[in-house]
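K.L.:
Each residue of the sequence shown is one higher than the last, beginning at 243 in the numbering used here.
Cβ atoms here follow ideal geometry from the backbone N, Cα and C, with glycine treated the same way.
Dumping the structure here so I can ask a few things about it.
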Amino acid sequence: MNVKFNIDEIFEMAEQIERNGQNFYRSAEKMMRTNSESQKLMSLLADMEIKHEKVFADMRKDILKSDKIESILNPEFDPDGLASMYLHSIVDGKVFDLTKMPVIENETPEGILKMAIEREKDSIIFYLGIKELISKDFGQDKVDLIIKEEMGHIVYLSDEIKKITGE
């Protein structure tokens, strides 16, 4: 039961990360020049974060319904519990705190985009830990898809920085 609660807590944090991502991008969208490519990108990324939150929420519901925790956990990984301890360090805010919104007021568009890249990187690291903790049957492929989309966000954000800076 303790492990099940901990996994629930981890997925709850994943949902919160996605909500914060959406809020970040919506705030950034308002700060970008009207009808600019940067503003459109912020809107697109916010919409994608909503979809990611739903995936994690659905997975979390499945966890709570599951009678057998063994069907959720990846039996081939983490015999020493390191991934679990790492994820709990993140949940406790000891590694980095993805639950807090960064302050973007008075930031340049380039600064906002760089902040977004850092948050995307931190999210990917967290999701890689989740992926390793759960079994293939439970949804590693769903987490993989989100990781790939988050990597794509970094590419979009990097390309937008290049456009802004003229590089």
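Going by the beta-carbon positions, is the gap between Met419 and Glu391 smaller than 8 Å?
P.N.:
This structure does not reach residue 419, given that the chain is present from 243 up to 409, and the question cannot be answered.
K.L.:
Counting along the chain, where does the alpha helix (DSSP H) carrying Gly353 start and finish?
P.N.:
351-375
K.L.:
For Ile346, which of Phe266, Ile403, Gln281 has the nearest alpha-carbon?
P.N.:
Phe266
K.L.:
Can you round the beta-carbon distance between Glu260 and Glu402 to whole angstroms, since I take them to be within the 8 Å contact cut?
P.N.:
Rounded, the Cβ-Cβ distance is 21 Å, inconsistent with contact.
K.L.:
Please identify the residue among Ile367, Glu352, Phe298 whose C-alpha is closest to the C-alpha of Gly381.
P.N.:
Phe298
K.L.:
Using DSSP with H/G/I as helix, E/B as strand and the rest coil, what is Ile305?
P.N.:
helix
K.L.:
When the Cα atoms are used, what is the spatial distance from Gln264 to Lys384?
P.N.:
19 Å
K.L.:
DSSP state of Asn410, grouped into three classes?
P.N.:
Here the chain has residues from 243 to 409 only, and residue 410 is not among them.
K.L.:
For the ligand GDP, is there a heavy atom less than 7 Å away from the beta-carbon of Ile249?
P.N.:
The ligand content of the structure shown is nil, which means the ligand GDP is not present either.
K.L.:
Please work out which residues of its chain come closer than 7 Å, Cβ to Cβ, to Met354, disregarding the five sequence neighbours upstream and downstream, and give them in chain order.
P.N.:
First, the amino acid is wrong: residue 354 is Ile here, not Met. These residues qualify, in order along the chain: Ala270, Met273, Ile346.
K.L.:
Sort Asn262, Glu295, Gln281, Ile252 by Cα distance to Leu387 and report the nearest one.
P.N.:
Glu295
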